[in-house]
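Reviewing the structure listed below.
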Amino acid sequence: MHRFWETIIQPLLETLHPQRIVEIGADQGFNTKNLLTFCDQHDVQLEAIAPLPRFDVEAWQKQYGERLRVHRMLSLNAIPRLERFEAVLIDGDHNWYTVFHELKLIENRSAELGQPFPLVFLHDIGWPYGRRDLYYNPETIPEAYRKPYRKKGIRPDTSELLEEGGGINPHFNNALSENNLQNGVLTAIEDFLRATKEPLELIKIPGFHGLGIIIPGWMLEQNSQFSQRIIKLRPTLPLARHMEMVEEERLALDLQRQEREATIRRLDATVKRTEGQLTEEVQVHENAPQGKIPEAKMLQQRLVESTQALATVQARLTAFEHRKATERKALREEFSKVDQALAIIQAQLVALEQRKATEGAALQRELTGVGKGPT
Ligand SMILES: C[S@@+](CC[C@H](N)C(=O)[O-])C[C@H]1O[C@@H](n2cnc3c(N)ncnc32)[C@H](O)[C@@H]1O
7 MHRFWETIIQ
17 PLLETLHPQR
27 IVEIGADQGF
37 NTKNLLTFCD
47 QHDVQLEAIA
57 PLPRFDVEAW
67 QKQYGERLRV
77 HRMLSLNAIP
87 RLERFEAVLI
97 DGDHNWYTVF
107 HELKLIENRS
117 AELGQPFPLV
127 FLHDIGWPYG
137 RRDLYYNPET
147 IPEAYRKPYR
157 KKGIRPDTSE
167 LLEEGGGINP
177 HFNNALSENN
187 LQNGVLTAIE
197 DFLRATKEPL
207 ELIKIPGFHG
217 LGIIIPGWML
227 EQNSQFSQRI
237 IKLRPTLPLA
247 RHMEMVEEER
257 LALDLQRQER
267 EATIRRLDAT
277 VKRTEGQLTE
287 EVQVHENAPQ
297 GKIPEAKMLQ
307 QRLVESTQAL
317 ATVQARLTAF
327 EHRKATERKA
337 LREEFSKVDQ
347 ALAIIQAQLV
357 ALEQRKATEG
367 AALQRELTGV
377 GKGPT
């Protein structure tokens with residue numbers, strides 16, 4: 007409902023000059039904060055009805071003092087206790103029984119207090135809860151008015167809840183059916199307007215799940231500034247249809263977003279579960295006594311040992327090859343030295359042979375010369 011604050015609710019409240027405003031369904035306090043700022047500026051009292059408020063009530067009460075009163079109870083119990091009020095914002099339990107009786111009690115309490123019927127804003131008159139009940143707490147709804155419901159998601163293209171998951175709001179208690187008697191927020195408003203004798207008008211603003219404004223005739227008659235604003239708010243039929251089409255598009259995109267977020271949450275959970283299982287398995291294996299290590303782990307150990315053994319053998323082989331190569335080199339050098347020595351000896355032999363031949367020839371010549379000389 008807080009999305010309508012700036013454009014619709016605040017401008018109307020400004021022309022109304024209320025003394026007391028009632029908020030039903032404060033939740034996290036988004037709209038409560040807006041209202042409190044407004045109340046501070048215009049000296050107005052705020053009554054916030056919230057069975058389970060999700061904001062720091064004590065801190066806010068300290069900050070705003072008497073300006074804020076929080077009723078931690080259901081709306082149907084709180085309305086009969088209210089003092090004179092001029093405006094009500096309804097955004098609590100989104101089902102026919104609650105909304106119909108909230109309006110009835112507002113009418114009765116107004117009569118008791120002698121005040122005219124107030125200005126009432128109601129959120130969620132569009133899809134999905136305009137024509138389908140949601141029960142925040144099903145036990146608080148009398149059985150005769152409680153439709154069969156389940157915690158299953160909703161899609162705009164089917165009336166059935168989605169059995170196989172997906173859709174929007176799967177965490178809420180959604181009625182199994184829609185578009186039938188005494189079902190949904192808008193149906194409750196229409197049924198109340200048919201039953202009441204008060205001269206009331208309903209303005210429907212499409213978008214952000216739809217806002218309904220119930221305007222009492224006396225306000226239009228007695229407050230011209232207010233009635234000028236209301237004239238500007240009544241959407242023409244083509245404009246209302248156009249806004250509904252934009253809303254349908256927005257809802258389709260929002261549905262996609264919610265379904266993707268749900269898928270991511272599921273995947274995250276699977277990853278966490280698998281991680282947990284793996285951690286457990288590793289711990290079991292690590293803590294298991296030696297004899298009970300599963301076969302796979304034994305094989306893995308053997309593989310490690312075999313690989314280490316193979317590496318040792320390979321290292322030895324490499325060392326052996328290296329040694330052999332070194333020895334081969336040394337031998338080759340040795341052979342080469344012997345070859346050189348042989349070559350020298352051969353050369354000396356050849357030289358010796360030559361000298362022998364030369365000396366032999368000279369001796370021969372000498373001997374021959376001695377026989378032929380003078381006598
Ligand atoms: C949709 S939320 C309200 C959102 C709020 N108005 C905003 O604009 O942010 C509905 C709230 O109504 C409360 N709620 C449910 N049943 C209720 C009841 N019978 N009376 C009052 N509040 C009720 C829920 O606890 C929830 O916090």
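When the sequence shown is numbered by my numbering, its final residue is 381 and no position is left out of the sequence of numbers. C-beta: ideal position from N, C-alpha, C; glycine also.
* Asked: Under a Cβ-count criterion, where at least 16 other Cβ atoms within 10 Å of its own Cβ denotes burial, should G379 be classed as buried or exposed?
  -> One-based indexing of the sequence shown puts residue 379 at position 373. For G379, the predicted model reports a pLDDT of 47, less than 50, meaning its position is unreliable; a value from the coordinates is still stated below. Exposed.
* **Nearest neighbour of L206, chosen from H107, R138, P222 and G35 [CA to CA]** => On the sequence shown, position 200 is the one that residue 206 refers to. Comparing Cα positions, the closest option is P222.
* **Per-residue DSSP class, three states only, for E213** => The residue labelled residue 213 in the question sits at position 207 within the sequence shown. Here residue 213 turns out to be Gly, not Glu, going by the sequence shown. The DSSP-derived three-state label of G213 is coil.
* To do: Report the residue from G31, D97, I14 and P134 whose alpha carbon sits nearest the alpha carbon of R256.
  => Taking the sequence shown and counting its residues from 1, one reaches residue 256 at position 250. Cα-wise, what sits closest to R256 is P134.
* Asked: Would you say the beta carbon of F91 comes nearer than 7 Å to a heavy atom of ligand 1?
  -> Here the question's residue 91 lines up with position 85 in the sequence shown. F91: no, Cβ never under 7 Å from ligand 1.
* Given N229, which residues of its chain have a CB within under 8 Å of its CB, disregarding the five upstream and five downstream residues? -> On the sequence shown, position 223 is the one that residue 229 refers to. Result list for N229: T21 and L22, in chain order.
* Out of K158, I237 and H177, state which residue places its alpha-carbon closest to the alpha-carbon of L168. => Within the sequence shown, numbered from 1, the residue matching residue 168 stands at position 162. Looking at K158, I237 and H177, the one whose alpha-carbon comes closest to that of L168 is K158.
* Where do the N-terminal and C-terminal ends of the alpha helix (DSSP H) with F36 fall, by residue? -> Position 30 of the sequence shown holds residue 36. Per DSSP, F36 is one residue of the alpha helix (DSSP H) stretching across F36 to H48.
* Does the Cβ of T13 lie closer than 7 Å to at least one heavy atom of ligand 1? -> For the purposes of this step, residue 13 is taken as residue 7 along the sequence shown, with counting starting at 1. Because no heavy atom of ligand 1 lies under 7 Å away, the Cβ of T13 does not count as near it: no.
* Nearest-angstrom Cβ-Cβ length linking P148 and Y103, presumed shorter than 8 Å -> Sequence index remark: in the sequence shown, residue 148 carries index 142 (1-based). Sequence index remark: in the sequence shown, residue 103 carries index 97 (1-based). The C-beta distance from P148 to Y103 rounds to 7 Å, short enough to fall under 8 Å.
* Looking at F61 and ligand 1, is the gap between the Cβ and the nearest heavy atom below 7 Å? -> As a first step, residue 61 must be located in the sequence shown, where it is residue number 55. F61: no, Cβ never under 7 Å from ligand 1.
* Asked: By a C-beta neighbour count over all protein chains shown, 10 Å radius and 16 as the cutoff for buried, is L369 buried or exposed?
  -> Locating residue 369 in the sequence shown gives position 363, counting from the first residue. It is exposed - the Cβ of L369 has fewer than 16 other Cβ atoms within 10 Å.
* **H48 Cβ short of 7 Å to ligand 1 heavy atom set** => Counting from one through the sequence shown, the residue named residue 48 turns up at place 42. Incorrect: H48 has no Cβ contact closer than 7 Å to ligand 1.
* Taking the C-alpha atoms as reference points, what is the distance between Q121 and A32? -> In the sequence shown, counting from the first residue as 1, residue 121 sits at position 115. In the sequence shown, counting from the first residue as 1, residue 32 sits at position 26. Taking the straight line from one Cα to the other gives about 24 Å.
* Going by other Cβ atoms of all chains shown within 10 Å of its Cβ, with 16 needed for buried, is N180 buried or exposed? -> Sequence index remark: in the sequence shown, residue 180 carries index 174 (1-based). Burial call: buried.
* To do: Would you mind stating whether I30 and G98 have Cβ atoms separated by less than 8 Å?
  => As a first step, residue 30 must be located in the sequence shown, where it is residue number 24. As a first step, residue 98 must be located in the sequence shown, where it is residue number 92. Going by C-beta atoms, I30 is nearer than 8 Å to G98.
* Closest Cα partner of A268 within the set V105, D46, G172 and P17 -> Residue numbering aside, residue 268 sits at position 262 when the sequence shown is read from its first letter. Of the candidates V105, D46, G172 and P17, the one whose C-alpha sits nearest the C-alpha of A268 is G172.
* Asked: Can the beta-carbon of G190 be found less than 8 Å from the beta-carbon of R156?
  -> Residue 190 sits at position 184 when you count from the first residue of the sequence shown. Residue 156 sits at position 150 when you count from the first residue of the sequence shown. No, Cβ-Cβ distance for G190 and R156 is not below 8 Å.
* Asked: Does the Cβ-Cβ distance between C45 and R73 come in under 8 Å?
  -> By one-based count along the sequence shown, residue 45 stands at place 39. By one-based count along the sequence shown, residue 73 stands at place 67. Taking 8 Å as the Cβ cut-off, C45 and R73 qualify as a contacting pair.
* Secondary structure at L309, three-state DSSP: helix, strand or coil? -> Mapped onto the sequence shown, residue 309 falls at position 303. It is helical.
* To do: State buried or exposed for T381, treating a residue as buried only when at least 16 other CB atoms are found within 10 Å of its CB.
  => Numbered from its first residue, the sequence shown carries residue 381 at position 375. Reliability of the predicted coordinates at T381 is poor, the pLDDT of 38 falling under 50, and the value obtained from them is presented with this limitation in mind. Burial state of T381 is exposed, judged by a 10 Å Cβ sphere holding fewer than 16 other Cβ atoms.
* Pairwise C-alpha distance: A294 and F214 -> Taking the first residue of the sequence shown as 1, we reach residue 214 at position 208. Taking the first residue of the sequence shown as 1, we reach residue 294 at position 288. Take the alpha-carbon of F214 and the one of A294: they are about 59 Å apart.
* Asked: Got a sec, what are the start and stop residues for the beta strand (DSSP E) L128 sits in?
  -> Position 122 of the sequence shown, counted from the start, is the residue given in the question as residue 128. From DSSP, the beta strand (DSSP E) with L128 extends over L125 to H129.
* To do: Along the alpha helix (DSSP H) that carries R279, what are the first and last residues, could you check?
  => Stepping through the sequence shown from its first residue, residue 279 is reached at position 273. First-last of the alpha helix (DSSP H) with R279: L243 to N293.
* Asked: Given 8 Å as the limit, is there contact between the stretch 284–291 and the stretch 188–204, that is, 3 or more CB pairs closer than that?
  -> By the Cβ criterion, the stretch 284–291 is not in contact with the stretch 188–204, since fewer than three pairs of Cβ atoms, one from each stretch, lie closer than 8 Å.
* **Own chain partners of R240 with C-beta closer than 8 Å, once the 5 adjacent residues on each side are dropped** => As a position in the sequence shown, residue 240 is number 234, starting the count at 1. The residues are I209.
* Of the choices F123, L80, L128 and A84, whose alpha-carbon is the least far from that of N37? -> Translated into positions along the sequence shown, residue 37 becomes position 31. Nearest option by C-alpha distance: L128.
* DSSP on I147, reduced to helix/strand/coil? -> Against the sequence shown, residue 147 aligns to sequence position 141. Coil.
* With DSSP as the reference, label T381 as helix, strand or coil. => For this step, residue 381 is matched to residue 375 along the sequence shown. Note that T381 has pLDDT 38, beneath the 50 cutoff, so the model's placement of it is unreliable and no number is given.
* Put L95 into one of helix, strand or coil per three-state DSSP. => As a position in the sequence shown, residue 95 is number 89, starting the count at 1. In the structure shown, L95 falls within a strand segment according to DSSP collapsed to helix, strand and coil.
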